[in-house]
Amino acid sequence: MNFYRSHVLVCAGAGCVSSGCLNTMEALVDENAKLGLDREIKVIETGCIGTCDLGPVIVVYPEGVFYRNVTTDDAREIAREHLLKGRTIQRLLYRNPLTSQLVQTYGEMEFFNRQLRIALRNTGVINPEVIEEYIARDGYEALARVLTTMSPEEVVATVTASGLRGRGGAGFPTGKKWGFTFRAMSDQKYVVCNADEGDPGAFMDRSILEGDPHAIIEAMTIAGFAVGANQGYVYVRAEYPLAVKRLQLALDQARNYGFLGKNIFSTNFSFDILIRVGAGAFVCGEETALLASIEGKRGEPRPRPPYPAVKGLWGKPTLINNVETFANICPIILYGADWYGRIGTETSKGTKVFAVAGNINNTGLVEVPMGMTLRQVVYDVCGGIPNGKEFKAAQTGGPSGGCLTKAELDVAMDYETLIAAGSMMGSGGLIVMDEDACMVDMARFFLDFTQDESCGKCTPCRIGTKRMLEILDRMTKGEGREGDMEALYGLAENIRETSLCGLGQSAPNPVLSMIKHFRSEYEAHIREKRCPAGVCQALMSYNILANKCRGCGLCARVCPTAAIFGKPKEVYRIERKKCVKCNACLEKCPFGAVVRA
Amino acid sequence: MKTVEDLRKLREEVRQMTKLREGEAEVRVVVGMGTCGIAAGARETLGALVQEIAEQGLLSVVVTQTGCLGLCEREPIVEVNAPDGRTLYARVTPERARRILRQHVQGGVAIEDWVIRN
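Quick look at the structure:
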């Protein structure tokens, strides 16, 4: 047996890869070898640990010391000081943004100890490329138990009793979907995993596929047994090359061990999974469009019913669930529906993974019990708003959702409460905005996204969102008109009622919700041609205050377009026409004489 | 992989691959790795501990390091943190380290002659 006295986990989620973790890891491995530590210390590449703004991240076990922003030099120092001599390197520790205290270990970080990780149970803990590490943590036990001790009806009943609901956005009860597909009569059925994650800022599905691919393979196989399918497909976007690579590797390993293929665990159940790589169209996350894309057709939605459970892939009954939904299945089988049912709220069971981004101290992935309040997620788990700024709003549900304001900070994050508050759970994107965010510009951003991603099949979505975007564009340029808000409302209503699929129907949501909560900001853009948050460039102008200017000339020197004139020791002035609003003069002025309005 | 038993057998074999990350160790062996400890040979002591744990397959033991304890002349110092309490050993050579693992950690009997007492 090999014994390693220390395991060093290097986060190799896509976020950390882009911050250079592979070089960090290489330096660590190299230094360990030089010090002769390579037989005592194992360096492990894991999936996303969740603290994406702190990468490259390293966790040293058994102590559980958490190091952030580790450069290659830092990695060598960790080898020499910590791994060799057992000295924690204080300067590389994480500092709690609220208390400014250094946090010694992983377990003491609020970011982690306030989380409950079920879907992310192995992500950031195991090496996703080593199937044995998955097996060591009870991997494939749920499948073994299902195949040898349960009937398909019992599996469906367990999933139904757990109260699990679809994590992709709609929140449809998963057990019901499994039941529909189970009862559909056909010689051939399919299981599909929707990994076409497209909401801006949401990346939990990618992280699970990258960090724990076997969890999805095992859950899909269980689903196949439950509904009577022998073939599965994972539809994953081509923009997720690391997820595709690790999933492919995991599929090969699972086949080698016999967890996929013919007569699994010597039963008469056979199942296999193929990967289908999507070209990255947002609409392909819509289930009917996704199925069309797997069939090799243009990824466009079709009206439902018939639902895929009755008529799905190639006209056969198809169970389609999202990645995070599947990631909850094995724990439900292992620990039971009752256990799962005790987590969360009355109607929203279990946990939800949120991808937290925007103006927040700890951006990244967090998994918390359903029903945790927005305030707890923003302030307790994610460390609050940076630079002492005020919380203004949070967008949940991505481009299909709405925003929550300061007054709604104590809203419980579960399916029903979010809908009642005028937003939605969606796939779990959570974009936090501070006082400097312009709500017209935000709405424009989301609509620009949905407009761009509209597949064009139905008119309301294709043309309606275009018209809405034009109006918002005008507003941000100071060309807003009376009646614009009414026009937005009218268009929104039509698009909502008449679009073919969920993407179109929900596209107006961010605009409506932002107008509702921040009407005065919209009015300021239209009537006063003013952007209160100071974001919309076209609405800004720069001025030099005569009483503060000392005539030092720094502003004129830093101006890239020579728009500032004046003589030394006299008050300088800005020529509006030449000014490109780059903000350089404001930043440079030592006397605060340059102001933006 | 033909049966559930095959899976469970494999799991027992690979359990140690992730166990260290789960914080379930019963016994914690700590080696003083201050400059004094290293100068007195703590590096070799640590190596011997790791090797012995591997040879004996002691899955419930973790090995960590600590800094100088202030008893530099008695280094290398090894601390055994077992469910029955904390014991400090002085001048632990690689050979003594192996015996501590066998007699104390596995056998449950401290080697009184080497224990540091007040």
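Chains as they are written, first to last, in my numbering: chain A, 482 to 1078; chain B, 194 to 311.
Backbone N, C-alpha and C define an ideal beta-carbon position, used for all residues, glycine too.
Item                                                                                                                                                                : Value
Assign residue 816/A to one of two classes, buried (16 or more other C-beta atoms within 10 Å of its C-beta) or exposed (fewer than that).                          : exposed
Using a Cβ-Cβ cutoff of less than 8 Å, which residues in the same chain neighbour residue 894/A once the five nearest sequence positions on both sides are dropped? : 833, 835, 849, 851, 852, 853, 854, 855, 858, 877, 906
Where residue 222/B and residue 764/A are concerned, what is the direct C-alpha to C-alpha distance, given to the nearest angstrom?                                 : 56 Å
Got a sec, what are the start and stop residues for the alpha helix (DSSP H) residue 696/A sits in?                                                                 : 694-708
Using a Cβ-Cβ cut-off of 8 Å, state whether residue 203/B counts as contacting chain A.                                                                             : yes
Between residue 299/B and chain A, is any beta-carbon pair separated by less than 8 Å?                                                                              : no
With 16 other CB atoms within 10 Å as the buried threshold, where does residue 819/A fall?                                                                          : exposed
Using a Cβ-Cβ cutoff of 7 Å, what residues of the region 823-839 of chain A are near chain B? List them in chain order.                                             : none
Which partner residues of residue 487/A appear in the DSSP bridge assignment?                                                                                       : 522/A
Could you tell me whether the Cβ atoms of residue 953/A and residue 921/A are closer together than 8 Å?                                                             : yes
Using 10 angstroms around the beta-carbon of residue 227/B, count the other beta-carbons present and answer buried if the total reaches 16, otherwise exposed.      : buried
Whole angstroms are fine: how far does the CA of residue 911/A sit from the CA of residue 505/A?                                                                    : 30 Å
Taking only beta-carbon atoms, is residue 260/B less than 8 Å away from chain A?                                                                                    : yes
With 8 Å as the threshold, decide whether the Cβ of residue 271/B is near any Cβ in chain A.                                                                        : no
Could you compute how far the alpha carbon of residue 670/A sits from the alpha carbon of residue 759/A?                                                            : 21 Å
Could you check which residue in 983/A, 981/A, 979/A, 948/A has the C-alpha nearest to that of residue 966/A?                                                       : 948/A
Tell me whether residue 515/A is buried or exposed, calling it buried when 16 or more other Cβ atoms sit within 10 Å of its Cβ.                                     : exposed
Please say whether residue 846/A and residue 601/A have beta carbons closer to each other than 8 Å?                                                                 : yes
Decide yes or no for the touch test of the region 789-807 of chain A against the region 740-757 of chain A: beta carbon pairs closer than 8 Å, at least 3 of them.  : no
As an exercise, report each continuous beta strand (DSSP E) stretch of at least 3 residues that is fully enclosed by the region 508-583 of chain A, in chain order. : 522-527, 539-542, 546-548
Buried or exposed: residue 263/B, going by 16 or more other Cβ atoms within 10 Å of its Cβ?                                                                         : exposed
If contacts are defined as beta-carbon pairs under 8 Å, then residue 1035/A and residue 1013/A qualify, I think. What distance do you get, rounded to the angstrom? : Not a contact, Cβ separation roughly 28 Å.
Name the residues in the region 547-580 of chain A whose C-beta lies less than 8 Å from a C-beta of chain B; which are they?                                        : 565, 566, 567, 568
Can residue 281/B and residue 309/B be called in contact, C-beta distance under 8 Å?                                                                                : yes
Assuming the contact rule is C-beta atoms closer than 8 Å, residue 512/A and residue 556/A should be a hit. Round their C-beta distance to whole Å, please.         : 7 Å
In terms of DSSP beta bridges, what is residue 646/A paired with?                                                                                                   : 654/A
Shorter than 8 Å from the beta carbon of residue 584/A to some beta carbon of chain B?                                                                              : no
Report the neighbours of residue 257/B on chain A: residues whose CB is nearer than 9 Å to its CB, in chain order.                                                  : 486, 487, 543, 544, 567
DSSP three-state call for residue 876/A: helix, strand or coil?                                                                                                     : strand
Residues in the same chain with beta-carbon distance under 7 Å from residue 865/A, minus the five sequence neighbours each way, listed in chain order, please.      : 578, 579, 842, 859
Check whether the Cβ atoms of residue 486/A and residue 256/B sit closer than 8 Å, and answer yes or no.                                                            : yes
Tell me where the beta strand (DSSP E) around residue 244/B begins and ends.                                                                                        : That residue, residue 244/B, is in no beta strand (DSSP E); its alpha helix (DSSP H) goes 235-249.
Could you tell me which whole beta strand (DSSP E) segments of length 3 or greater appear in the region 1009-1057 of chain A?                                       : 1023-1025
Kindly indicate which three-state DSSP category residue 1068/A falls into: helix, strand or coil?                                                                   : helix
Below 8 Å on the Cβ atoms is my contact criterion, and I expect residue 503/A with residue 540/A to pass it. Report the Cβ-Cβ distance as a whole number of Å.      : Actually they do not touch by this definition, with Cβ atoms about 17 Å apart.
Per DSSP, which residues does residue 742/A bridge with? Please list them.                                                                                          : 752/A
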